[in-house]
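Once you know that position 82 of the sequence shown is 82 in my numbering, the rest is easy, because the numbers rise by one and skip nothing.
First up is the structure itself, then whatever we jot down about it.
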Amino acid sequence: MTIGTDRTLEDDVRDILVFDVYVEASAEEIGLDDGLRDTLGLDSLGFVELRAQCEQRFGVKITDADFTQVHFRSVRTVADLVRKLRGGQQR
1 MTIGTDRTLE DDVRDILVFD VYVEASAEEI GLDDGLRDTL GLDSLGFVEL RAQCEQRFGV
61 KITDADFTQV HFRSVRTVAD LVRKLRGGQQ R
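Written out as structure tokens, the structure is:
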């Protein structure tokens, strides 16, 4: 999996969901606002894996205070959290 210059954080979060968390959807099928629990079926272990993969891939520390349903509701909210933790940087 190569990260190109035209990729977004949202694209990378989708790839984490497909290739690391193993949701049963392709990256193209995952909408920005699809519910990670309700639509994609993530369970508690899936959320923990998503958190760990985001920390590793994006070089951020997601505290317990940030590991909430508000921030882990959808691809968009996870990407927004990563942006915030990286100080607003896109990549």
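Positions of the beta carbon are idealized from the N, C-alpha and C atoms, including for glycine.
- By the criterion of a C-beta distance shorter than 6 Å, residue 71 is surrounded in its chain by 77 and 81, once the five residues flanking it on both sides are discounted.
- Annotation for residue 83: the continuous alpha helix (DSSP H) segment containing it runs 75–85.
- Counted as a single uninterrupted DSSP element, the alpha helix (DSSP H) harbouring residue 46 occupies residues 44–58.
- Distance from residue 9 to residue 50 at the Cβ level is roughly 13 Å; contact not present, criterion being Cβ atoms closer than 8 Å.
- Exclusion of the five residues before and after residue 55 leaves 61 and 62 as the residues of its chain whose Cβ lies within less than 7 Å of its Cβ.
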